[in-house]
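This report concerns only the one structure given below.
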């Protein structure tokens, strides 16, 4: 049985759909990233799962329990907000202990649980500090400890790394991956950073305009990509539109066999193209019109038979104006 | 940044500004420079140039003075606490339950701008033994004569005085609370609920601690005002029970010149008490942890 099952969740505000028939299924301990641009409804979906935002229709199950109408304080889905929202008048200890105190557990049990979590988040020395005395990373660790202290069925993370610098982000990625694994917590994280999503999660749901366009295991996202909007969002693909003629997609850069009549785009990743200097003057060649050094790779923009193609390769020996042959290693027709 | 600095300045000087009516009262009634002199027996007009604490000794251990202190504290603390409880409840209830509160706030604002004297006479007309309530009750044959109606003004418990203070000060507390809550980030409440709190627990653990500084501010301001207020106890109080300002006034208008010095002693003591209170308030303000609850 799935640990989290969301069926056709819909939410609209003033006639505009914020969430449209959203469905998600997760097994226990799975880590799902909700990936999408700003304003696509990711945070609303997270708040709806937490029970903070009311939904118009749909169902939410945690295990075999229907929690659709369960208030947030009884739902067992704890959320960590983007700015952590640690209670400023409480110490680190009291923040982490908050949910346990609300359950009216004994002081001894609360102390034991909190001390164990403080060990895990490596902040035992900050037990009596107030949130304003903590760094961004420390605040985040406290917020996560506070959320998992009550042993939720689902942990919800709303853009948890947006306020952190890159080096701290990497540390916190590992911390969250380790802690969710250690406690085997089913986790849903909202992010607009695809690298973060691929690095941390075993499942990714790509959300656009309130709809989940694709949900897959991380390793299968590129393999199973089938929606041109998703391709556009990922910003890693050349998209060449073609015409269907006799079971072939005819584009400016060649003709490709198709399986389904509705397919009309040739897509291939920027790093799935080889180029080499053209020796045959009669051969159709591409011309490099722009070149950018990107650190560990070089981006070339080519014009090939009126189509603009982007290539990311390690080789930086080519220059603007060079004529080159191109070879597409892997492509999809969608 | 600019707005925050102005707010800080406003917050720093607010108690002083709000104490101006009390200070003006003292200055106008007695004359600040000669008051302390006279309390110490120094009176150039009478040719007395030596300083003595005899008036202090003579007045501060008398029954009338001690009773007046107790009555002043009672008449200051009780309406302060009632106003705080009602004002906080109203502020929280309105903030969390009413979305469009501008019109309601305008109505609640009205009592603040009505002068105390108007309230006092309204209370007299409504609550005195021949007042509106008494006559209505008589017409309903619940009581036979006006004398059967309980004494609610000029009574020893100061019911009328307390009612005037409460009616005037509840809206004041309400506005302090509502403006403070409007700066509170709703997220803290969502987090507390999400972590399993009931609404009562949210109120106790999150909302009231957040309001603590505003409540303390409201307490100090309202208490200081009630402590030094003159017109309500003078017009609605039982002649046997005098607050310190009323007792001071009675000594001041006495034909016995010595009793004037008692009045000066009482005024000096009131000033010292208010300055001590102000000092406590300022120290509290300095000490309190300014935690960042505000919306980001």
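Protein chains in written order, with our numbering: chain V, 77 to 410; chain P, 43 to 338. Built from N, CA and C at the ideal position, the CB exists for glycine as well.
{"Query": "Suppose contacts are defined by Cβ-Cβ distances below 8 Å. Is residue 249 of chain P in contact with residue 235 of chain P by that definition?", "Result": "no"}
{"Query": "Does any CB atom of chain V fall closer than 8 Å to the CB of residue 219 of chain P?", "Result": "no"}
{"Query": "Taking only beta carbons into account, state which residues of the stretch 208-241 of chain P come closer than 8 Å to chain V, listed in chain order.", "Result": "227, 229, 230, 232, 233, 234, 235, 236, 237, 238, 239 and 240"}
{"Query": "Rounded to the nearest angstrom, how far is the Cβ of residue 79 of chain V from that of residue 104 of chain V, given a contact under 8 Å?", "Result": "4 Å"}
{"Query": "If I follow the unbroken beta strand (DSSP E) through residue 350 of chain V, where does it start and stop?", "Result": "349-353"}
{"Query": "Using a C-beta to C-beta distance shorter than 8 Å, which residues of chain P count as neighbours of residue 154 of chain V?", "Result": "236 and 237"}
{"Query": "So, using beta-carbon positions, are residue 328 of chain P and residue 158 of chain P closer together than 8 Å?", "Result": "no"}
{"Query": "Verify the CB distance criterion: does residue 134 of chain P have a CB-CB separation below 8 Å to chain V?", "Result": "no"}
{"Query": "Mind checking which residues open and close the beta strand (DSSP E) that includes residue 362 of chain V?", "Result": "362-369"}
{"Query": "Residue 320 of chain V to residue 284 of chain V, Cα distance in whole Å?", "Result": "27 Å"}
{"Query": "Leaving out the 5 sequence neighbours to the left and right, which residues in its chain are closer than 6 Å to residue 366 of chain V when beta-carbon positions are compared?", "Result": "377"}
{"Query": "Taking C-beta to C-beta, are residue 266 of chain P and residue 82 of chain P nearer than 8 Å?", "Result": "no"}
{"Query": "Quick one: does residue 257 of chain P have its CB under 8 Å from some CB of chain V?", "Result": "no"}
{"Query": "So, with DSSP's three-state summary, where would you put residue 400 of chain V?", "Result": "strand"}
{"Query": "Among P/97, P/63 and P/202, which residue has its Cα nearest to the Cα of residue 78 of chain P?", "Result": "P/97"}
{"Query": "With 8 Å as the threshold, decide whether the Cβ of residue 248 of chain P is near any Cβ in chain V.", "Result": "yes"}
{"Query": "If the criterion is Cβ atoms closer than 8 Å, does the pair residue 171 of chain P and residue 147 of chain P meet it?", "Result": "no"}
{"Query": "For residue 196 of chain V and residue 171 of chain V, what's the separation of their Cα atoms in angstroms?", "Result": "15 Å"}
{"Query": "Locate the beta strand (DSSP E) running through residue 290 of chain V, then write down its first and last residues.", "Result": "287-293"}
{"Query": "What does residue 157 of chain V reach in chain P if we use C-beta pairs closer than 9 Å?", "Result": "229, 232 and 233"}
{"Query": "Between the C-alpha atoms of residue 263 of chain P and residue 81 of chain V, what's the straight-line distance to the nearest angstrom?", "Result": "55 Å"}
{"Query": "Is residue 178 of chain V close to chain P, meaning its C-beta is less than 8 Å from at least one C-beta of that chain?", "Result": "yes"}
{"Query": "Suppose you measure from the CA of residue 132 of chain V to the CA of residue 147 of chain V; what does that come to, to the nearest Å?", "Result": "15 Å"}
{"Query": "Using DSSP bridges, identify the partner residues of residue 281 of chain V.", "Result": "V/110 and V/291"}
{"Query": "May I have a chain-ordered list of the beta strand (DSSP E) segments no shorter than 3 residues that lie completely inside the stretch 198-248 of chain P?", "Result": "none"}
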